[in-house]
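One structure is given here, and the rest of the page talks about it.
In the working numbering, the protein residues as written are 11 to 349.
Given below as structure tokens:
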């Protein structure tokens, strides 16, 4: 296998000169640089990116680490959108981003610190991390390498976060249901060990507090961000005679809202004539289901772009640690005015 030493010998220069040429140092004349490139080409030598980044004070290598991508998780489209945004930023700014998949089992075998050292990265973006993941726990205690987490806040000095204001968004959605006359609301939450779930539930409770009402724990069901589980919740409510306790279903994701819609329709109910249903995310399918879904719109690709930008700024000394993306309450036909 061709080595940097072989390139140096063919080009008639030192190994250090070859390294400086590949790392674009300005003190290498163009004639020498081209001779080195031709020598490398003649023996099919390709410089190692990680080695280049280790040897250069100016270049950095970044990693996008996606957790839970291989799980049975319908939110994979959101993770892909995060990826798209990160790479939009990377391409625009001529940066290197490598994608790595992880999960709880992998994280137990290799720590975050060890991962960073092995891949020689200057910074990491985390997508899909939950509060019970080993990386979350490790980063809470210490983060030696700058990190930006999407949709989760990790209390550590060297960790930033990019997310929508989940608290305010879900509070606004709850207020919308109140304004439409709904008080008997069934709340279908997402995964327990996620920051977004806790923040959205806090937003719902804040809306209830504002109107001096209370949300009973009996009216909260865990749908795990799963369309299938949300579907089953409705089936169980029908079987136990509890369905008509509610006039509206407040879901923490569009996927779960679509599960609710499907279950209600298959059992002969009409939305919104019999029940109102809301979602969260405004995934592409939300506007095409019947009826089109009232939901919270957030831009997942923009979240990826902003995560890339925030990480880049942190690696270069910025003290900024948080970026909040905007949201819109999209009112469609799945909510009925019951006043």
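Heads up, the beta-carbon is just placed ideally off N, CA and C, and yes, glycines get one too.
Query raised in the report: Do residue 234 and residue 197 have their C-beta atoms within less than 9 Å of each other?
Result: Position 224 of the chain shown holds residue 234. Position 187 of the chain shown holds residue 197. Taking 9 Å as the Cβ cut-off, residue 234 and residue 197 do not qualify as a contacting pair.
Query raised in the report: Near residue 325, which residues of its chain fall below 7 Å by C-beta distance, leaving aside the five closest residues on each side in sequence?
Result: By 1-based counting over the chain shown, the position of residue 325 is 315. For residue 325, where only same-chain residues beyond five positions count, the Cβ hits under 7 Å are 70, 132, 133, 156.
Query raised in the report: Can you tell me whether residue 327 is buried or exposed, with buried defined as 16 or more other CB within 10 angstroms of its CB?
Result: To locate residue 327, count along the chain shown from 1; it is residue 317. Exposed is the call here.
Query raised in the report: By how many angstroms is the C-alpha of residue 15 removed from the C-alpha of residue 178?
Result: Residue 178 sits at position 168 when you count from the first residue of the chain shown. Residue 15 sits at position 5 when you count from the first residue of the chain shown. Each residue's CA atom was taken as its position, placing residue 178 and residue 15 some 59 Å apart.
Query raised in the report: Which term fits residue 332, buried or exposed, when burial requires 16 or more other beta carbons within 10 angstroms of its beta carbon?
Result: As a working mapping, residue 332 is identified with position 322 in the chain shown. Per the 10 Å Cβ criterion, exposed.
Query raised in the report: Would DSSP call residue 355 helix, strand or coil?
Result: Nothing can be reported for residue 355: it is not among the residues displayed for the chain, which extend from 11 to 349.
Query raised in the report: Around the Cβ of residue 25, are there at least 16 other Cβ atoms within 10 angstroms (buried) or fewer (exposed)?
Result: Counting from one through the chain shown, the residue named residue 25 turns up at place 15. Exposed, since its Cβ has fewer than 16 Cβ neighbours within 10 Å.
Query raised in the report: By a C-beta neighbour count over all protein chains shown, 10 Å radius and 16 as the cutoff for buried, is residue 209 buried or exposed?
Result: Residue mapping note: residue 209 aligns to position 199 of the chain shown, counting from 1. Looking at its Cβ environment, which holds 16 or more other Cβ atoms inside 10 Å, residue 209 is buried.
Query - Which of helix, strand or coil DSSP assigns to residue 203 - result: For the purposes of this step, residue 203 is taken as residue 193 along the chain shown, with counting starting at 1. Looking at residue 203 - three-state DSSP - the assignment turns out to be coil, as it is neither helix nor strand.
Query raised in the report: DSSP three-state call for residue 307: helix, strand or coil?
Result: The sequence position of residue 307 within the chain shown is 297, counting from 1. Looking at residue 307 - three-state DSSP - the assignment turns out to be strand.
**Report entry** Member of 290, 139, 149 whose CA lies at the smallest distance from the CA of residue 211
**Finding:** Translated into the one-based positions of the chain shown, residue 211 becomes position 201. For the residues 290, 139, 149, the minimum Cα distance to residue 211 belongs to 290.
Query raised in the report: For residue 53, does the three-state DSSP call read helix, strand or coil?
Result: Stepping through the chain shown from its first residue, residue 53 is reached at position 43. In this structure, residue 53 counts as coil in the three-state DSSP scheme.
Report task. Assign residue 241 to one of three DSSP states: helix, strand, or coil. Result -> Along the chain shown, read from residue 1 onward, the residue named residue 241 stands at position 231. Correct three-state label for residue 241: helix.
Query raised in the report: When we look at the beta-carbon of residue 171 and count the other beta-carbons within 10 Å, is it buried (16 or more) or exposed?
Result: Residue mapping note: residue 171 aligns to position 161 of the chain shown, counting from 1. The residue in question, residue 171, is buried, as its Cβ has 16 or more Cβ neighbours within 10 Å.
Query - Range covered by the beta strand (DSSP E) that runs through residue 157 - result: For the purposes of this step, residue 157 is taken as residue 147 along the chain shown, with counting starting at 1. Looking at the DSSP string, the run of the beta strand (DSSP E) that includes residue 157 is 157-160.
Query raised in the report: Helix or strand or just coil, what does DSSP make of residue 76?
Result: Start at 1 with the first residue of the chain shown, and residue 76 comes out as number 66. If DSSP states are grouped into helix, strand and coil, residue 76 belongs with the strands.
Report task. Take residue 168 and list the residues in its own chain whose beta-carbon comes closer than 6 Å to its own, dropping the five residues that flank it on each side. Result -> As a working mapping, residue 168 is identified with position 158 in the chain shown. Result list for residue 168: 153, 156, in chain order.
Report task. Can you check the segment 174-202 for any beta strand (DSSP E) of at least 3 residues that lies completely inside it and give the ranges in chain order? Result -> 195-199
Query raised in the report: What is the DSSP secondary structure of residue 266, reduced to helix, strand or coil?
Result: As a first step, residue 266 must be located in the chain shown, where it is residue number 256. Helix, per DSSP.
Report task. Could you tell me the boundaries of the beta strand (DSSP E) in which residue 333 lies? Result -> By 1-based counting over the chain shown, the position of residue 333 is 323. Residues 332-335.
Requested in this report: Would you mind stating whether residue 92 and residue 163 have Cβ atoms separated by less than 9 Å?
Outcome: In the chain shown, residue 92 corresponds to position 82, counting from 1. In the chain shown, residue 163 corresponds to position 153, counting from 1. For residue 92 and residue 163, no; Cβs fall outside 9 Å.
Requested in this report: Per DSSP, which residues does residue 172 bridge with? Please list them.
Outcome: Indexing the chain shown from 1 puts residue 172 at position 162. Under DSSP, residue 172 takes part in a beta bridge, and its partners are 160, 333.
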